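Heads up, the thing below is written out as structure tokens.
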Amino acid sequence: MLYSMDQVALYLNRATLLIKAAGGKISYITGNDATSVSCSGQRAEETQIASFGDAVWIANNDDADSSTQRELLDKLGISSSKELIDHVDNYQGRVLSSHKGAFTPGAMTPEETLLYKMATRSDAESGTSLAVPGTLAPAAKAAANPSFKISGAGPAPTAGIVFVVGSYVGGEGTSEHAEQKLLAALGKTPRAMSAAVTISGCKMACSTCKEVLDKAAARFKSSGGQLRFNNSIVGIWRDEAKLSKKHAKGIRSLDVAHYFGA
Ligand SMILES: [Zn+2]
Numbered sequence: 004m005l006y007s008m009d010q011v012a013l014y015l016n017r018a019t020l021l022i023k024a025a026g027g028k029i030s031y032i033t034g035n036d037a038t039s040v041s042c043s044g045q046r047a048e049e050t051q052i053a054s055f056g057d058a059v060w061i062a063n064n065d066d067a068d069s070s071t072q073r074e075l076l077d078k079l080g081i082s083s084s085k086e087l088i089d090h091v092d093n094y095q096g097r098v099l100s101s102h103k104g105a106f107t108p109g110a111m112t113p114e115e116t117l118l119y120k121m122a123t124r125s126d127a128e129s130g131t132s133l134a135v136p137g138t139l140a141p142a143a144k145a146a147a148n149p150s151f152k153i154s155g156a157g158p159a160p161t162a163g164i165v166f167v168v169g170s171y172v173g174g175e176g177t178s179e180h181a182e183q184k185l186l187a188a189l190g191k192t193p194r195a196m197s198a199a200v201t202i203s204g205c206k207m208a209c210s211t212c213k214e215v216l217d218k219a220a221a222r223f224k225s226s227g228g229q230l231r232f233n234n235s236i237v238g239i240w241r242d243e244a245k246l247s248k249k250h251a252k253g254i255r256s257l258d259v260a261h262y263f264g265a
């Protein structure tokens with residue numbers, strides 16, 4: 004059992020980095036170079052997830068990372084919340100630096116340290132390492148997970164895996180953050196507004212996102228729903244992992260009234 008959807012975000016983020024380092028090959032999971040997906044650059048920007056009911060919505064600061072992740076899940080034949088959670092539960096060890104051998108915790112990045120902590124939470128104190136899982140071949144039948152464009156017609160699908168992409172209406176700022184992309188899609192989806200929605204990710208919300216998330220949470224409450232973010236226990240583990248909160252500058256702030264009404 005996964006501890007939280009933060010693990011899914013960390014897994015997808017780590018997988019994106021490994022795929023980029025391999026020039027698009029998904030060898031981190033297949034163990035061979037036969038299958039590739041599209042990717043660009045070497046970095047992976049933040050990955051965030053909104054989950055409620057059977058829906059898993061995934062967004063990245065960089066939409067290109069969402070394309071890479073969507074193609075990966077399509078090739079692995081993963082198209083439901085349960086399949087995604089089971090996959091991460093079984094294969095998360097393959098995105099850690101250790102997947103080719105024994106664990107060397109000192110060499111892990113903060114994101115790996117956080118994922119490792121969650122993956123081994125029951126026995127972390129005793130130093131038990133995570134089993135290194137075997138390889139996984141692409142599925143005989145690929146999936147076709149949808150993308151939802153923020154600027155397109157709403158609402159977004161409220162079941163299955165959905166990649167939320169595009170720009171949101173908001174103030175000045177040169178870059179847009181994944182959690183605010185998810186909020187824009189939620190605001191366009193009335194059914195989601197009465198659900199218990201959890202936003203999970205690799206990093207904590209920056210101050211710009213937190214301000215917007217707090218305002219949106221009040222709208223959820225008045226619609227009979229609930230919006231949760233920044234899990235406090237995970238927050239402690241993030242600090243322990245030295246996954247420092249970056250002070251973000253130039254982040255566009257979502258126009259809450261535009262998406263959620265005045
Ligand atoms: Zn942010």
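Read left to right, the sequence shown gives residues 4 to 265 (our numbering). For glycine and all other residues, C-beta sits at the position ideal for the given N, C-alpha and C. Please read these numbers as outputs of a predicted model, since none were measured by experiment.
- DSSP places leucine 133 outside any beta strand (DSSP E), giving it a letter other than H or E.
- Taking 8 Å as the cut-off, the beta carbon of valine 200 is found no closer than this to the beta carbon of alanine 62.
- Taken atom to atom, the span from the alpha-carbon of leucine 75 to that of leucine 186 is near 24 Å.
- Shown here for glycine 190: same chain residues with a beta carbon closer than 6 Å to its own, the five before and five after excluded, namely Tyr262 and Phe263 in chain order.
- Within the chosen limit of 7 Å, ligand 1 reaches the beta carbon of isoleucine 254 through at least one heavy atom.
- Around the CB of arginine 231, fewer than 16 other CB atoms lie within 10 Å, so the residue is classed as exposed.
- Contact between lysine 85 and isoleucine 29 is absent: CB atoms are separated by about 21 Å, not below the 8 Å threshold.
- Note that the C-beta distance between isoleucine 153 and glutamine 51 is not below 8 Å.
- In this structure, the CA atom of threonine 38 is about 48 Å from the CA atom of alanine 265.
- The C-alpha of serine 69 is placed about 8 Å away from the C-alpha of valine 168.
- DSSP places leucine 230 within a strand segment (E or B) once states are collapsed to three.
- A distance below 7 Å between beta-carbons, with the five flanking residues on each side excluded, links alanine 208 to the following residues of its chain, in chain order: Glu182, Leu216, Phe232 and Asn233.
- The C-alpha of proline 158 is placed about 16 Å away from the C-alpha of phenylalanine 223.
- From the listed residues Thr33, Met121 and Asp89, the smallest Cα separation to proline 141 is found for Thr33.
- In this structure, the straight-line span from the alpha carbon of aspartate 258 to that of alanine 12 is close to 25 Å.
- Bounds of the beta strand (DSSP E) holding asparagine 63 are 58 to 63.
- DSSP places serine 70 in the uninterrupted alpha helix (DSSP H) bounded by 66 to 78.
- As computed with DSSP, lysine 28 is found in a beta bridge with Ser39.
- Sorted by position in the chain, His180, Cys209 and Cys212 make up the residues whose C-beta lies under 5 Å from a heavy atom of ligand 1.
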